[in-house]
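K.L.:
Right, I'll just put the structure down here and ask away after.
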Amino acid sequence: MSKRSGGVEYSAFNISLITLLAIALIGVFSLFAIYQGFQSYNNREMEQAYYYMLIGIFGFATMGFMFFRSKTLVKNKLDLPKAEVLTTIECKKCGYKIVRKFERGDYIFKNDIACSKCDGMMTITRVHRKKKTEKELEKEFSNTWQS
Ligand SMILES: [Zn+2]
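For the sequence shown, our numbering assigns the number 1 to the initial residue and increments by one for each residue that follows.
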């Protein structure tokens with residue numbers, strides 16, 4: 001049982017493996033830079049020591065930033081509910097209306113397609129999130145009050 005749950009945990013951790021690898025690489029690089037800085041300092045090469053230290057500190061700062069960023073990204077992924085975006089297209093000539101899924105490149109007042117009811121042009125009038133059904137809203141409401 002413990003072996004299986006361990007596997008699941010690993011796959012969740014696996015998502016940011018590239019990020020962790022990059023952080024580790026920057027860490028090694030920064031440590032090396034700081035080590036070089038101390039070496040230069042010992043050799044009384046003050047300017048070189050200064051630059052190496054600067055690179056090292058910058059590396060650690062980048063590392064911290066990446067770590068913080070990857071953490072917040074995971075958090076945002078969990079918190080954001082999946083929202084379906086819809087596009088409403090309307091014929092100005094006859095008033096025929098269609099609601100379809102949002103497509104890349106959709107924007108309000110864009111001439112989208114020719115009207116299927118008349119010879120007019122259908123224009124995007126609205127880009128909006130899909131309204132939740134009453135059942136979904138009810139469920140959300142009861143969940144809020146339970147917790
Ligand atoms: Zn029309």
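The beta-carbon is built from N, C-alpha and C at its ideal position, and this holds for glycine as well.
#1: Please identify the residue among K130, I23, S142, K139 whose C-alpha is closest to the C-alpha of M66.
#2: If you compare alpha carbons, which of G56, M122, A83 is closest to L25?
#3: In three-state terms, what does DSSP make of E136?
#4: In its own chain, which residues sit with a C-beta less than 6 angstroms from the C-beta of T125, not counting the 5 before and 5 after it?
#5: Which residues, in chain order, sit with a beta-carbon under 6 angstroms away from any heavy atom of ligand 1?
#6: When DSSP labels each residue in this structure, what does A114 get in the three-state scheme?
#7: Who are C91's beta bridge partners in DSSP?
#8: Whole angstroms is fine: what's the gap from G64's alpha carbon to A114's?
#9: State yes or no: is the C-beta of A33 within less than 8 angstroms of the C-beta of Y52?
#10: So, helix, strand or coil for R44, using DSSP?
#11: Name the residue from K130, Q39, K93 whose alpha carbon lies nearest to the alpha carbon of S116.
#12: Using the Cα positions of K132 and K97, report the straight-line distance between them to the nearest angstrom.
#13: Quick one, are the C-beta atoms of E84 and K130 less than 8 angstroms apart?
#14: Return helix, strand or coil for R104, following the three-state DSSP convention.
P.N.:
The answer reads as follows:
#1: I23
#2: G56
#3: helix
#4: T88, E90
#5: C91, K93, C94, Y96, C115, K117, C118, G120
#6: strand
#7: M122
#8: 53 angstroms
#9: yes
#10: coil
#11: K93
#12: 20 angstroms
#13: yes
#14: coil
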